[in-house]
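Asker:
In this note's numbering, the protein residues as written are 14 to 413.
(1) Quick one: what's got a C-beta closer than 7 Å to residue 30's C-beta in the same chain, skipping five residues either side?
(2) Rounded to whole angstroms, how far is the Cβ of residue 260 from the Cβ of residue 44, which I believe are closer than 8 Å?
(3) When the Cα of residue 365 is compared with those of 291, 352, 141, which residue comes out closest?
(4) Short check: CB of residue 63 to CB of residue 326, under 8 Å?
(5) Any C-beta of chain B sitting closer than 8 Å to the C-beta of residue 256?
(6) Please list, in chain order, all residues of the same chain as residue 52 whose beta carbon is under 6 Å from its beta carbon, the five residues on each side excluded.
(7) What is the C-beta distance between residue 130 and residue 195, in whole angstroms, given that I count them as a contact (C-beta under 8 Å)?
(8) I need the straight-line Cα distance from residue 337 to residue 158, nearest angstrom please.
(9) By how many angstroms is the C-alpha of residue 147 removed from the C-alpha of residue 402?
(10) Taking the alpha-carbon of residue 361 as reference, which of 191, 156, 324, 173 has the nearest alpha-carbon?
(11) Candidates 162, 368, 353: which alpha carbon is nearest residue 2's?
(12) Label residue 222 either buried or exposed according to how many other C-beta atoms from any shown protein chain fall within 10 Å of its C-beta, with 16 as the threshold for buried.
(13) Skipping 5 residues on each side, what residues in its chain have a beta carbon closer than 6 Å to that of residue 83?
(14) Please classify residue 118: is it buried, with 16 or more other beta-carbons within 10 angstroms of its beta-carbon, or exposed?
(15) For residue 195, report the span of its beta strand (DSSP E) as first-last.
(16) Below 8 Å CB to CB, which residues in the same chain sit around residue 381 once its five sequence neighbours on both sides are set aside?
(17) Consult DSSP for residue 131 and reduce its assignment to one of helix, strand or coil.
(18) State the start and end residues of the unbroken alpha helix (DSSP H) segment that holds residue 303.
(19) For residue 109, which residues from the same chain have a beta carbon less than 7 Å from its beta carbon, with the 5 sequence-adjacent residues on both sides left out?
(20) Classify residue 16: buried if its beta carbon has 16 or more other beta carbons within 10 angstroms, exposed otherwise.
(21) On the premise that residue 411 lies in contact with residue 199, defined as a C-beta separation below 8 Å, what is that separation, rounded to the nearest angstrom?
(22) Which value, in whole angstroms, describes the spacing of the CA atoms of residue 311 and residue 179?
(23) If we call anything under 8 Å between Cβ atoms a contact, is residue 8 one with residue 219?
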């Protein structure tokens with residue numbers, strides 16, 4: 014029998030398929046195995062939170078929903094579509110968060126918001142994080158979804174991010190002795206109704222201000238929403254507003270399943286600290302890890318850490334989305350200056366996130382949605398840092 018008839022069509026068929034079959038198969042198998050392990054070994058909530066992470070990775074990838082790029086576009090070009098999408102994300106989440114957090118529990122589970130001090134550490138950390146966003150090429154959520162989507166440069170940023178997070182955990186206690194005004198929650202100070210009204214007023218003011226600035230500069234305002242037709246749901250790109258609503262869902266689901274809002278970078282601090290402990294460093298002696306709510310994490314499996322499993326979900330969700338879109342195509346050659354920027358940016362991202370009690374997700378998104386004033390202070394300091402970082406990008410020969 015002439016077997017060539019059966020052998021030759023297969024490669025041609027694979028080449029013309031609109032998806033990356035091997036990538037999709039691998040991501041699906043790993044995701045199902047991990048979901049099964051988490052559900053059976055640790056519990057259904059962990060499995061559900063991993064699933065939420067998978068959804069978040071797909072949303073982030075298809076909407077290309079990055080914070081740093083949107084802020085740079087506003088700073089340099091006066092275009093506010095990305096920033097306005099973030100405002101909508103914050104508003105939708107806050108409308109759900111504030112009543113739930115005020116209620117204090119859901120189905121017998123305690124709920125808490127992200128409320129952190131207004132401190133020197135917050136200002137310094139957020140500012141450094143903002144610079145890191147522009148040099149590293151993404152924020153915390155952006156780093157995860159671009160790594161999952163196949164960016165080899167962002168793998169370098171992620172590794173440096175983890176290292177910087179561990180360094181920040183090491184220095185964390187020293188920064189906490191710096192001046193601080195304490196925490197301030199609109200919810201605790203004024204109650205849920207006033208906190209919600211004040212938050213909505215801030216969102217509306219920001220929306221109108223950014224829209225007015227864009228119209229004044231360009232004569233028009235770019236939309237945050239465009240129709241999604243046909244295969245665009247699978248291949249992308251999605252409109253920014255779809256990404257905003259998707260991330261609002263992720264944070265709301267996290268609050269209702271985990272009892273606290275979404276965060277990312279505490280997982281990086283855990284991974285980096287565990288790696289350092291593996292080579293003999295007494296990480297457990299650091300004041301950061303001696304706090305009662307953190308100490309058990311060092312001895313436990315990373316799969317028992319909610320933040321870590323959601324991070325794994327984002328990575329795999331983005332990988333699956335890239336494979337289904339047929340866009341998983343890693344580029345292995347990275348220019349030297351770009352590589353240097355990835356390392357420097359990642360270190361700043363990690364170190365800044367620990368000092369600032371979180372990143373664009375944990376401190377900004379979850380903080381603002383929780384009606385904590387520190388979320389807005391984080392935004393201002395990080396936005397200023399992005400301005401500095403944007404000016405440094407040409408030195409590293411980064412695009413625009």
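Backbone N, C-alpha and C fix where the C-beta goes; we use that ideal spot for every residue, glycine too.
Answerer: Taking the coordinates as given:
(1) The count along the chain shown starts at 1 and reaches residue 30 at position 17. Summary for residue 30: the model assigns pLDDT 48, below 50, so the residue's position carries little reliability; its value from the coordinates is reported in the next sentence. Here the set comprises nothing.
(2) As a working mapping, residue 260 is identified with position 247 in the chain shown. As a working mapping, residue 44 is identified with position 31 in the chain shown. That belief does not hold up - the Cβ atoms of residue 260 and residue 44 are roughly 20 Å apart, past 8 Å.
(3) By one-based count along the chain shown, residue 365 stands at place 352. When 291, 352, 141 are compared, the shortest CA-CA separation from residue 365 is found for 141.
(4) Residue mapping note: residue 63 aligns to position 50 of the chain shown, counting from 1. Residue mapping note: residue 326 aligns to position 313 of the chain shown, counting from 1. Contact flag set, yes.
(5) Among the protein chains of the structure shown there is no chain B, as only one such chain exists.
(6) Taking the first residue of the chain shown as position 1, residue 52 is located at position 39. 60.
(7) As a first step, residue 130 must be located in the chain shown, where it is residue number 117. As a first step, residue 195 must be located in the chain shown, where it is residue number 182. Beta-carbon to beta-carbon, residue 130 and residue 195 are separated by about 6 Å, close enough to satisfy the 8 Å threshold.
(8) Numbered from its first residue, the chain shown carries residue 337 at position 324. Numbered from its first residue, the chain shown carries residue 158 at position 145. Going by the C-alpha atoms only, they are around 14 Å apart.
(9) Residue numbering aside, residue 402 sits at position 389 when the chain shown is read from its first letter. Residue numbering aside, residue 147 sits at position 134 when the chain shown is read from its first letter. Taken atom to atom, the span from the alpha-carbon of residue 402 to that of residue 147 is near 5 Å.
(10) Within the chain shown, residue 361 is the residue found at index 348, counting from 1. Residue 173 is the option with its Cα nearest to residue 361.
(11) Residue 2 is absent from the structure shown; the chain starts at 14 and stops at 413.
(12) If you number the chain shown from 1, residue 222 lands on position 209. Burial check for residue 222: the Cβ neighbour count within 10 Å stays below 16, so the residue is exposed.
(13) For this step, residue 83 is matched to residue 70 along the chain shown. Taken in chain order, the residues that qualify are 95, 96.
(14) Residue mapping note: residue 118 aligns to position 105 of the chain shown, counting from 1. It counts as exposed.
(15) Here residue 195 refers to the residue found at position 182 of the chain shown. Unbroken beta strand (DSSP E) run through residue 195: 193-196.
(16) Along the chain shown, one-based indexing puts residue 381 at 368. Here residue 381 has 103, 107, 212, 388, 389, 392 as same chain residues with Cβ atoms under 8 Å from its own Cβ, once five neighbours each way along the sequence are excluded.
(17) The residue given as residue 131 occupies position 118 in the chain shown. DSSP places residue 131 in the strand class (E or B) of the three-state scheme.
(18) The sequence position of residue 303 within the chain shown is 290, counting from 1. In the DSSP annotation of this structure, the continuous segment of the alpha helix (DSSP H) that includes residue 303 starts and ends at 300-303.
(19) By one-based count along the chain shown, residue 109 stands at place 96. Only 265 meet the Cβ criterion.
(20) Along the chain shown, read from residue 1 onward, the residue named residue 16 stands at position 3. Bear in mind that the predicted position of residue 16 carries a pLDDT of just 34, short of 50, making it unreliable; the figure below should be weighed with that in mind. The C-beta of residue 16 has fewer than 16 other C-beta atoms within 10 Å across all chains shown, which makes the residue exposed.
(21) Here residue 199 refers to the residue found at position 186 of the chain shown. Here residue 411 refers to the residue found at position 398 of the chain shown. For residue 199 against residue 411, the beta-carbon gap comes to about 38 Å, at or over 8 Å, which does not count as contact.
(22) Locating residue 311 in the chain shown gives position 298, counting from the first residue. Locating residue 179 in the chain shown gives position 166, counting from the first residue. Taking the straight line from one Cα to the other gives about 12 Å.
(23) As shown, the chain starts at 14 and ends at 413. That puts residue 8 outside it, with no answer to give.
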